[in-house]
Every structure is written in structure tokens, then in C-alpha cells.
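J.: My questions will all concern the structure given below.
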Amino acid sequence: MNEIEAQLYAKLCEFKLDDPTAPYPMSAKLAWEYHWSEIYTLRAMYEYKKYIFLAVIAEGMVSPSSAIDCIWHYHLLYTHSYWEELCGKILKKSLHHYPGDSGASQRYDYTIELYQSYFGSPPADIWDFPPFHSNYLDRHQRYWQIPNPIYWVKKYLSFIIQAKEEKR
Numbered sequence: 039m040n041e042i043e044a045q046l047y048a049k050l051c052e053f054k055l056d057d058p059t060a061p062y063p064m065s066a067k068l069a070w071e072y073h074w075s076e077i078y079t080l081r082a083m084y085e086y087k088k089y090i091f092l093a094v095i096a097e098g099m100v101s102p103s104s105a106i107d108c109i110w111h112y113h114l115l116y117t118h119s120y121w122e123e124l125c126g127k128i129l130k131k132s133l134h135h136y137p138g139d140s141g142a143s144q145r146y147d148y149t150i151e152l153y154q155s156y157f158g159s160p161p162a163d164i165w166d167f168p169p170f171h172s173n174y175l176d177r178h179q180r181y182w183q184i185p186n187p188i189y190w191v192k193k194y195l196s197f198i199i200q201a202k203e204e205k206r
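Below, the structure written as C-alpha cells:
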């Protein structure tokens, strides 16, 4: 990392993604929306800053992981933070988000190689392998979906009550 890159990376590390005056900071919204733990969310936000660094210094286009992409989408909603603070004051240039296309897989491979050259091995739980799996599926595979939960809760409670009565 040369001196200019080191200065940029230091500025990105100092940059606060969460607005301390916001009633619902971005980290809370991300954690709620994607069912991420607080620790995972903060780690992913830190990795997002690394991705932004790579996007700025890369000679070609880079492509984010699924988690990083989710954070980028949310950050774009915080327009002042993204356009004025990040792009205007830190990056000193615009950084646009383009939807994935047929070349995304090659760009993702390039991103991982670039990441490794600057930061070492990326955390696999944030930099997904293989790339671009569905966050929707990931979030929902962690939970059981119970059809008609009220029916099952009533059945469970009646079973517990019956078991207690039989104990007496």
C-alpha cells in the first residue's frame, strides 16, 4: 500500500457509517432487515469500507459480495452520508453502483485477488464463496417456516397442560 492509498484507507476507517443523530442508524436497519447479529453487521460494515477502498484504487471494475452489496444499497439511501461525506469529502469523486451482469463473476474473482493483495484472506462469511448466492434464501434458511403457527402453539400448550394435569 503506497502513501496515498494508506491515507485514503485511514480516512475510510475513520468514516462513521452510522449517523449518531439518527433515531435508527444504518447498522440497526441492516441487522433488522437481514437478520444479522450486531457483531456480524459491524464486521460487514468494516468490510464495506475495504470494498470502497478497492473500488477506488482498482484499475478495473470490482464487484461486491452479497453482504457488501446489501450495505452499499442501504448506504445509497443515506444520500448525504454517501454523496456528500463519502464521495465528496473522502473519495473526492463519485462512486456509482451498477447492477450485476454477465461479467460479474470475473470481476468478483478480480476483487478477491485485489483484496488478498491488500488485506490477506477475506472473511468467508462476508465475502461469500461462491459469489452472488441469494441473500433472500440465506436469511430464510436460518429459520423454520411454520404454517399456521397459532394451531401448533395451541396444540403445544394443550399438550403441556395435559402433561401437568397427569402429573398431579
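Residue numbers for the sequence shown follow this note's numbering, beginning at 39 and rising by one.
Glycine residues also receive a C-beta, built at the ideal position from the N, C-alpha and C atoms.
Give me the Cα-Cα distance between A69 and H111, rounded to the nearest whole angstrom.
T.: For A69 and H111, the distance between alpha carbons rounds to 14 Å.
J.: Helix, strand or coil for W74, going by three-state DSSP, please let me know.
T.: W74: coil per DSSP, three-state reduction.
J.: Once DSSP output is grouped into helix, strand and coil, what is the label at V100?
T.: Coil at V100, not helix or strand.
J.: Just the Cα atoms here: how many angstroms apart are L129 and I164?
T.: Approximately 23 Å between the Cα atoms of the pair.
J.: Helix, strand or coil: which one does DSSP assign to I109?
T.: In this structure, I109 counts as helix in the three-state DSSP scheme.
J.: Please state if the CB of L92 and the CB of L152 are separated by a distance shorter than 7 Å.
T.: In contact: L152 and L92 (Cβ atoms closer than 7 Å).
J.: By DSSP, does I150 sit in helix, in strand, or in coil?
T.: Of the three classes helix, strand and coil, the one that applies to I150 here is helix, per DSSP.
J.: Tell me which same chain residues have a C-beta within less than 7 Å of the C-beta of P102, skipping the five on either side of it?
T.: The answer, listed in chain order, is Y89, W110.
J.: For L124 versus K87, is the C-beta distance shorter than 7 Å?
T.: Cβ distance not < 7 Å, so L124 and K87 don't count as in contact.
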